[in-house]
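The working numbering numbers the first residue of the sequence shown as 84 and each following residue consecutively. We put the beta carbon where it would ideally sit given N, CA and C, even for glycine. Written out below as structure tokens is the structure these notes cover.
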Amino acid sequence: MARGFADATADRAACPCGSGAKLGSCCGPFHQGLMKAQTAEQLMRSRYSAYALGEIEYLIASHPEPDISIQKRRRELRINSRQIRWIELEILAVECGGIEDCQGTVQFAAHFIAAGQRRCLQETSLFQRRDGQLSGDWLYIRAL
Ligand SMILES: [Zn+2]
């Protein structure tokens with residue numbers, strides 16, 4: 084699918100993950116399927132910016148939840164993206180999850196506004212590569 088002017092403009096905006104890089108050279112290529120996250124932290128950041136930007140299909144693809152239908156997940160993520168405005172991500176700690184690892188954890192604080200209130204979600208997330216193989220894509224598994 085051809086990408087329009089609006090996308091090109093978005094690519095030049097600061098990436099929501101707070102890396103200081105522009106979206107087009109940070110999390111954007113992951114959302115568009117042009118590149119794969121190489122580390123657990125990259126996947127964490129790109130999932131946060133996917134929440135911030137409403138990239139629902141990316142959120143579904145990077146977090147297996149076989150017991151919940153895709154339709155239900157889409158519906159819930161759409162509601163979530165209407166009700167929550169994500170404002171800042173802080174990465175607090177990273178353990179493993181590098182290019183030579185098959186598993187890792189990322190501890191983060193994600194700041195958001197919901198119902199007019201500023202809030203913070205703190206979580207240590209577990210990430211694993213698909214099928215436990217070094218060649219597998221990084222996936223978000225669950226909160227620890
Ligand atoms: Zn980013």
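query: Is A120 helix, strand or coil by DSSP?
result: coil
query: Exposed or buried, which one is Q216 when buried takes at least 16 other CB atoms within 10 Å?
result: exposed
- prompt: Quick one: Cα of S164 to Cα of S152, how far?
  reply: 18 Å
field: Residues with C-beta closer than 7 Å to any heavy atom of ligand 1, in chain order
entry: C98, P99, C100, S102, A104, L106, C109, C110, R128, S129 and S132
message: Residues in the same chain with beta-carbon distance under 6 Å from G181, minus the five sequence neighbours each way, listed in chain order, please.
response: T122
field: Close Cβ partners of I143 (< 8 Å) along its chain, the five nearest in sequence each way excluded
entry: I153, R156, R157 and L160
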